[in-house]
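Residue numbers (my numbering): 3 to 290.
Glycine included, every Cβ here is placed at the ideal spot set by N, Cα and C.
First the structure, in the form of structure tokens, and then the observations on it.
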Ligand SMILES: [Mg+2]
């Protein structure tokens with residue numbers, strides 16, 4: 003199989019709108035990627051089960067990276083040649099970069115009383131629904147964890163001390179939108195993206211060009227690991243701060259910004275790749 007372009011994307015606030023979780027503003031561009039068989043690799047802090055549900059919604063059948071670079075999941079029927087040395091788990095070939103959830107929970111339970119922290123594993127379904135505002139079925143998916151534990155502080159956060167103690171166990175604490183996360187030290191989206199790129203490159207006769215799109219601090223390692231990094235605007239019009247060379251900034255926030263930035267990249271790259279300018283018969287108007 004021939005993959006001239008490989009696209010990695012964050013979800014919340016990037017491909018999905020911050021408030022509504024809609025990808026409407028990117029729908030035409032997604033069709034165009036599909037038309038040219040350009041792989042789109044979801045690269046998110048979401049769990050495997052959450053990403054499976056989203057892939058179905060987006061009509062994607064591709065590898066994906068779950069839980070902040072914790073693991074790469076490649077459908078076993080996906081057309082890659084260099085998968086024979088990988089582990090298998092259910093319907094997937096996997097590459098694991100994170101620590102197993104059970105071992106993270108073990109450490110979490112020793113830290114819990116001293117730092118007044120409460121994790122997903124300690125919460126009833128209703129409590130997580132109240133904290134996230136997500137529907138029950140989404141919370142059920144978010145609770146099926148492989149590589150990281152989201153948590154809250156019940157008292158004044160002693161983050162520095164906790165970070166230090168987590169480090170002594172080979173773990174780290176990462177701050178997310180609603181929760182803090184306890185996960186394996188050294189694990190990030192960039193490491194997983196680099197390994198995924200190597201895997202695709204081993205199956206592809208020509209040099210692959212990689213694109214990465216993200217909006218927040220945990221996306222920066224991913225943006226450093228790709229050829230064309232794109233920062234998507236936040237809802238208040240600002241951008242995550244970075245000195246990354248050659249970074250492109252989307253003209254709008256969320257899915258509309260994703261669509262516009264990715265359209266510009268396709269317009270620039272498809273003719274060079276001999277794939278033509280048009281996105282096929284479904285592309286009747288230009289969104290830019
Ligand atoms: Mg995000």
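Quiz item: For residue 2, which residues from the same chain have a beta carbon less than 7 Å from its beta carbon, with the 5 sequence-adjacent residues on both sides left out?
Solution: The chain is shown from 3 up to 290; residue 2 falls before or after that span and cannot be answered.
Quiz item: Is the beta carbon of residue 231 less than 9 Å from the beta carbon of residue 255?
Solution: Going by C-beta atoms, residue 231 is not nearer than 9 Å to residue 255.
Quiz item: Nearest CA to the CA of residue 193: which residue from 173, 208, 71 and 125?
Solution: Nearest of 173, 208, 71 and 125 to residue 193, Cα basis: 71.
Quiz item: Are the CB atoms of residue 107 and residue 73 nearer to each other than 9 Å?
Solution: Taking 9 Å as the Cβ cut-off, residue 107 and residue 73 do not qualify as a contacting pair.
Exercise. Using beta-carbon positions only, say whether residue 40 and residue 7 come within less than 9 Å of one another.
Key: Cβ atoms of residue 40 and residue 7: closer than 9 Å.
Quiz item: Hey, is residue 221 close to ligand 1, as in C-beta under 8 Å from one of its heavy atoms?
Solution: With a cutoff of 8 Å, residue 221 counts as near ligand 1, since its C-beta is closer than that to a heavy atom of the ligand.
Exercise. For residue 171, collect the residues of the same chain with a Cβ closer than 8 Å to its Cβ; drop the 5 residues on either side in sequence, then sort them by chain order.
Key: Hits under 8 Å: 109.
Quiz item: Pick from 204, 145 and 208: whose alpha carbon is nearest that of residue 276?
Solution: Taking residue 276 as reference, the option from 204, 145 and 208 with the minimal CA-CA separation is 208.
Quiz item: Quick one: is residue 290 buried, meaning 16 or more other Cβ sit within 10 Å of its Cβ, or exposed?
Solution: Note that residue 290 scores a pLDDT of 39, beneath 50, so its modelled location is shaky; the value from the coordinates is reported in the next line. Residue 290 counts as exposed, since fewer than 16 other C-beta atoms from the protein chains shown sit within 10 angstroms of its C-beta.
Quiz item: With 16 as the cutoff for other CB atoms within 10 Å, does residue 179 come out buried or exposed?
Solution: So residue 179 ends up on the exposed side.
Self-check item: Cβ shell of residue 146 (< 7 Å), same chain only, five flanking positions each side left out
Solution: Correct list, in chain order: 49 and 51.
Quiz prompt | Option nearest residue 269 by Cα separation, candidates 53, 18 and 38 | solution = When each option's Cα is compared against that of residue 269, the closest is 38.
Self-check item: Coarse secondary structure for residue 191, derived from DSSP in three states
Solution: Residue 191: helix per DSSP, three-state reduction.
Quiz prompt | residue 190 versus residue 220 - alpha carbon distance | solution = About 8 Å.
Exercise. Would you list the residues sitting across from residue 8 in a DSSP beta bridge?
Key: Residue 8 pairs with 212.
Practice problem: Starting from residue 68, trace the alpha helix (DSSP H) both ways and give me its first and last residue. | Solution: Residue 68 -> not in any alpha helix (DSSP H); beta strand (DSSP E) instead, spanning 66–68.
Self-check item: Cα-Cα separation between residue 89 and residue 115, rounded to whole angstroms
Solution: So the two alpha carbons sit approximately 36 Å from each other.
Practice problem: Could you tell me the distance, in whole angstroms, from the CA atom of residue 165 to the CA atom of residue 117? | Solution: Residue 165 and residue 117: Cα-Cα distance of roughly 11 Å.
Quiz item: Once you ignore the five residues that flank residue 138 on each side, which residues in its own chain have a CB closer than 8 Å to its CB?
Solution: Correct list, in chain order: 127 and 131.
Quiz prompt | Secondary structure, beta strand (DSSP E): runs of 3+ residues fully inside the stretch 87–164 | solution = Runs of the beta strand (DSSP E) inside the stretch 87–164: 89–91, 94–98, 119–121 and 150–155.
Quiz item: So is residue 151 buried or exposed if we call it buried at 16+ other beta carbons inside 10 Å?
Solution: Buried is the call here.
Self-check item: Selected residue, minimal CA-CA separation from residue 233, among 17, 160 and 79
Solution: Ranking 17, 160 and 79 by Cα distance to residue 233 puts 17 first.
Quiz prompt | Cβ pair residue 199, residue 227 closer than 9 Å | solution = Cβ atoms of residue 199 and residue 227: closer than 9 Å.
Quiz item: Excluding the five sequence neighbours on either side, which residues of its own chain have a C-beta within less than 6 Å of the C-beta of residue 203, listed in chain order?
Solution: Cβ-Cβ distances below 6 Å link residue 203 to 210 in the same chain, with the five nearest sequence neighbours on each side left out; the list follows chain order.
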